[in-house]
Structure formats: C-alpha cells, structure tokens
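See below for the structure under consideration.
Number of protein chains: 2
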Amino acid sequence: MTSPTRPTLDFWFDFGSNYSYLSVMRIEEEAARHGVGIRWQPFLLGPIFRSFGWESSPFVLQKEKGDYTWKDMARQCRKYGLPWRQPTRFPRPAVLPLRIALVGATQPWMGEFCRRTMAMNFAEDRDIDSPQAMHDLLADLGLPAHRIIEEAISDANKLRLRRQTETATEKGIFGAPTFLAGDEMFWGNDRLDEALAFCQAAAGSGAA
Amino acid sequence: MTSPTRPTLDFWFDFGSNYSYLSVMRIEEEAARHGVGIRWQPFLLGPIFRSFGWESSPFVLQKEKGDYTWKDMARQCRKYGLPWRQPTRFPRPAVLPLRIALVGATQPWMGEFCRRTMAMNFAEDRDIDSPQAMHDLLADLGLPAHRIIEEAISDANKLRLRRQTETATEKGIFGAPTFLAGDEMFWGNDRLDEALAFCQAAAGSGAA
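What follows is the structure in structure tokens.
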C-alpha cells in the first residue's frame, strides 16, 4: 500500500541547545533530499532538565563533558561547513524566540527564522531573548514583526509553549534535538540522517 | 615531514559499557582500514561516574534516557550487523575481564578476547565477571588460561587497573568509549570514524 501523504518527521528543538543548532541549520536541506516533511516542534528544554533535578545543562554541570562539548562542536561545525563561536552565555534563554517559532511553525519563513536565530546564538554570540533583536530579525525577513511578536507573547501562545514542554515530557523526550517518526525516537544531531532514512522507509512500506 | 611510526589511537573502554560494545566489535577492522594502530586502554568507568556523584550508569539513573538507549542499541547493532540482546543485568560488573584485558593489551589475542567478552555481555546476556567464564573463554582461544588469570589477579595488576582509572580521570575522560589521538578527545562510538580519520591526517602532516 502506498501512502498518498508525504512522510513527516517531528523535530523537537530548543534555540538554547548547541546540538539543536547543528540540526536546525541542515534539516530542511536533508529532509528535502529524503522527500520527508518537517513538523517543527519548538520547546523549552530547561523544565525537562529541572524535572531530572538538574539546575542547568549537563554541559554546565559536568565540567569535563562541557569542555569536551565545545571541542566537539568546533569539529562538527567544521564538518558541516557551519560558522561557530562558543557562546559567552550558555545556555542562552530563548523563551521569546521559541514563542515566535510556535507562531511560525507552519509558515514558509520558519526555517529561515530558525537558522538566523541559531546563527545569532552560536555564530555571532548574541543574545536572542530580546524583543529588539527578534523585531529586527523578523523585519529583516520582510515580515510584520510587530504583529508576530504580539501574537507570540499573547497568553494563548504562552500557554501553547508550556503545553509543548508537557507534550515533550509525555513523549519521553529527555534532550534536544529529538526526532520522532511516529513513536520511533532518535536523539541527537548524530541521528538526524538515520531518522530521515527511517521515516522515508516507513512511508515507502506504508507503515507511516 | 613524514612520520616513520604508524599513527596510534588510544581506545578507552569498559566491558560493562554498551556503546563500548559497538566500538570493540569494529575497531580493529576500521583502524586497519585507516592504517592506524590501536592502543587498548581498559578501565573502570564506575569510579568515574561515582566521582560525578552518580551511583550507576546514567542509563539506569535516568529512565527516559535508558529506555531510549536500548532502542538505539538495537538499531545501531542492526546497522553494524552485530548481534544484540539487551542485558538482564546492566551495567555488568567487569573487573576480572578488565584485569585480563590489561594483561593482554599488547598481545595478539587482545582483539579476539575483547570481542568474545563483549559478545557474552551484549549478545548472549551472560555474566562476564566470573573466573570460570573467563577461564573457559581464554582456554577456548588456545591460551594458558590459568597463568593469565593468575597474572590478572596479582596485586601488581590490580594496582595497574586502579591507575588506569586515575589516568582516565587526569585526561578528563567522562564516559566510554573514549578515543584519544594525542590530546584530541573523541567521545562515543559515533565518533570512532572521525577519531581514526583525525589520527590518520595528523600522522600524514607529521603532527602526531
């Protein structure tokens, strides 16, 4: 049985997460190459870490792992041809850009918005949780920045972001990026290609 | 300047570590393909986890990550064509096989000994920290099992294993498998190929 709909991968990410940076920058191109659609699922990772009893990222709490992570990030960015500057603030708060991402999740500007926000954090070392910075970014994309930010900070949308994190918890998500092809979970940028291939194969077999 | 010596990668692993299983099974073949030598560095990961305040593996302490890990392992084993059975005891104590591995680290039987021990743990779900099991395994390899085990449990060798873990700590090792090309660290089976390529390139440039 062939599926008339394009296979879709859920992409759970946080703008504060460095390994999410790698995936955000390359997912649209890779997904297109596999004939897979992306369902963008921005969420706050912080509350999930706190539910494990952690006050911050494991890369902050565990010095050895943190030191390693920045070296690994530099190498991974070189591999993917991505710019990289170690953020002076980590993890950077990202509530406003995540709220905007929820508003834009099904809009044609979503990919570019996410890549620009990630580049601000991990290539330009700039704060991203600022109304001015977000306004400038959206305006630069030719979008009605004021209206989008109004919607992003509405009570209804704030609630949506909290619900996203609850949904992530219910799905057993424990880090970012996480990819879900139906119930099949893939964790980490290192698994993006496997997740896409799985998604593609499952659709071909009529299973997704 | 060309180096007259073959580039060498230090391979830090613990028989109790599931991602070390993946690397142990494929490292000799992959290293040969890259013209890289392996320096086997068996060590006890438990004391390092305890130094972080953890009583066990993060795959045990963090239920969500643990559940995911077993699914990921099944997929990774399928990818590499390796047998897989989720161990009923995890992480399995591995002090005796690690002591034997220290005795065998520069011996021609090291690779085969390590693969068989890992297969017992992760493909056959058998305990590995048993003198009888280790005796049988060594004898099956045509080796003087009794003499090797005697040497493995000598005070001098017990001390060597403790020193291995101290050295791992000094080098900033926080998990397994870890690969070191000189001071350049690569963590996790997912980085084995990059570690080998780095080692090969560094040797070619005369830097290692």
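Those sequence lines, one after another, are chains A and L.
With this note's numbering applied, the first sequence corresponds to residues 49 to 256, in that order.
With this note's numbering applied, the second sequence corresponds to residues 49 to 256, in that order.
Note that the Cβ used here is the ideal one computed from N, Cα and C, for glycine as well.
- Item | Neighbourhood of A/Met-182 by C-beta distance below 7 angstroms, restricted to the same chain and skipping five residues each side | Leu-144, Pro-145, Ile-148, Ile-197
- Exposed or buried, what is L/Gln-134 when buried is set at 16 or more other beta-carbons lying within 10 Å of its beta-carbon? exposed
- Item | Alpha-carbon spacing of L/Leu-228 relative to A/Ser-202, whole angstroms | 50 angstroms
- Task: Go ahead and pull the three-state DSSP assignment for L/Gly-230.
- Result: coil
- Item | Contact the segment 220-227 of chain A vs the segment 53-69 of chain A: 3+ CB pairs below 8 angstroms | yes
- Residue-chain proximity (L/Asp-238, chain A), Cβ-Cβ < 7 angstroms: yes
- Would you list, in chain order, the members of the segment 213-229 of chain A that have their beta-carbon closer than 8 angstroms to a beta-carbon of chain L? Gly-220, Ile-221, Phe-222, Gly-223
- Item | Reference A/Gly-220, options A/Pro-179, A/Phe-234, A/Thr-136, A/Leu-207, closest by Cα | A/Phe-234
- Query: Are L/Leu-109 and L/Met-73 touching if we call contact CB-CB under 7 angstroms?
  - Reply: no
- Let me know the secondary structure DSSP gives L/Pro-106 once reduced to three states. helix
- Query: Name the DSSP beta bridge partners of L/Gln-89, please?
  - Reply: L/Trp-60
- When you check each C-beta in the segment 91-116 of chain L against every C-beta of chain A, which residues fall closer than 7 angstroms? Phe-100, Gln-110, Glu-112, Lys-113, Asp-115, Tyr-116
- Query: When the Cα atoms are used, what is the spatial distance from L/Arg-239 to L/Gln-124?
  - Reply: 14 angstroms
- Task: May I have the straight-line CA-CA distance separating A/Cys-247 from A/Glu-232, to the nearest angstrom?
- Result: 9 angstroms
- Task: Might you give, ordered along the chain, the residues of its own chain that have their beta carbon closer than 7 angstroms to the beta carbon of L/Met-121, omitting 5 neighbours on each side?
- Result: Asn-66, Trp-132
- Which residues DSSP lists as bridging L/Trp-235, in chain order: L/Thr-226
- Query: Of all the options A/Tyr-128, A/Leu-150, A/Thr-136, A/Ser-253, which has the alpha carbon lying nearest to the alpha carbon of A/Arg-208?
  - Reply: A/Leu-150
- Item | Where L/Arg-54 falls, given that 16 or more other Cβ within 10 Å makes a residue buried | exposed
- Near L/Cys-162, which residues of its chain fall below 6 angstroms by C-beta distance, leaving aside the five closest residues on each side in sequence? Val-72
- For A/Ser-105, is the classification buried or exposed, using 16 other Cβ atoms within 10 angstroms of its Cβ as the cut-off for buried? buried
- Task: For the alpha helix (DSSP H) containing A/Lys-113, list its first residue and its last residue.
- Result: 111-128
- Whole-angstrom C-beta distance between A/Ala-193 and A/Ala-187, which should lie under 8 angstroms: 4 angstroms
- Query: Whose C-beta lies closer than 7 angstroms to the C-beta of L/Phe-63 among residues of the same chain, with five residues either side of it excluded?
  - Reply: Ala-142, Pro-145, Leu-146, Thr-165, Met-166, Asn-169, Ile-176
- Message: Could you give the first and the last residue of the continuous alpha helix (DSSP H) run that contains L/Leu-189?
- Response: Where L/Leu-189 is concerned, there is no enclosing alpha helix (DSSP H), given that its DSSP letter is neither H nor E.
- Do L/Ile-86 and L/Ala-80 have their C-beta atoms closer together than 7 angstroms? no
- Message: I'd like the list of long-range same chain contacts for L/Leu-92, defined as Cβ closer than 6 angstroms, with 5 residues on each side in sequence excluded.
- Response: Thr-213
- Task: Grab me the residues of A/Thr-50's own chain with a C-beta within less than 6 angstroms of its C-beta, minus the 5 sequence neighbours each way, in chain order.
- Result: In this prediction, A/Thr-50 scores a pLDDT of 48, lower than 50, which makes its location untrustworthy; the coordinate-derived value is nonetheless stated afterwards. Nothing listed; no residue qualifies.
- Spatial distance of L/Ala-251 from A/Arg-174 (CA atoms): 38 angstroms
- Contacting positions in the segment 172-197 of chain L - beta carbon closer than 9 angstroms to chain A: none
- Message: Given this structure, state the Cα-to-Cα distance separating A/Leu-244 from A/Ile-75, to the nearest angstrom.
- Response: 9 angstroms
- Query: Applying a beta-carbon distance threshold of less than 8 angstroms, which residues of chain L neighbour A/Val-206?
  - Reply: Looking at the sequence shown, residue 206 of chain A is not Val but Lys. Those do not exist, as A/Lys-206 stays about 26 angstroms from chain L at its closest Cβ, beyond 8 angstroms.
- Task: Compare the C-beta of L/Met-233 against all C-beta atoms of chain A and say whether one is closer than 7 angstroms.
- Result: yes
- By Cβ distance below 6 angstroms, which residues in the same chain neighbour A/Ala-256 in space, the five residues on each side in sequence not counted? For A/Ala-256, the pLDDT reaches just 45, beneath the cut-off of 50, and the residue's location in the model is therefore unreliable, leaving the point undetermined.
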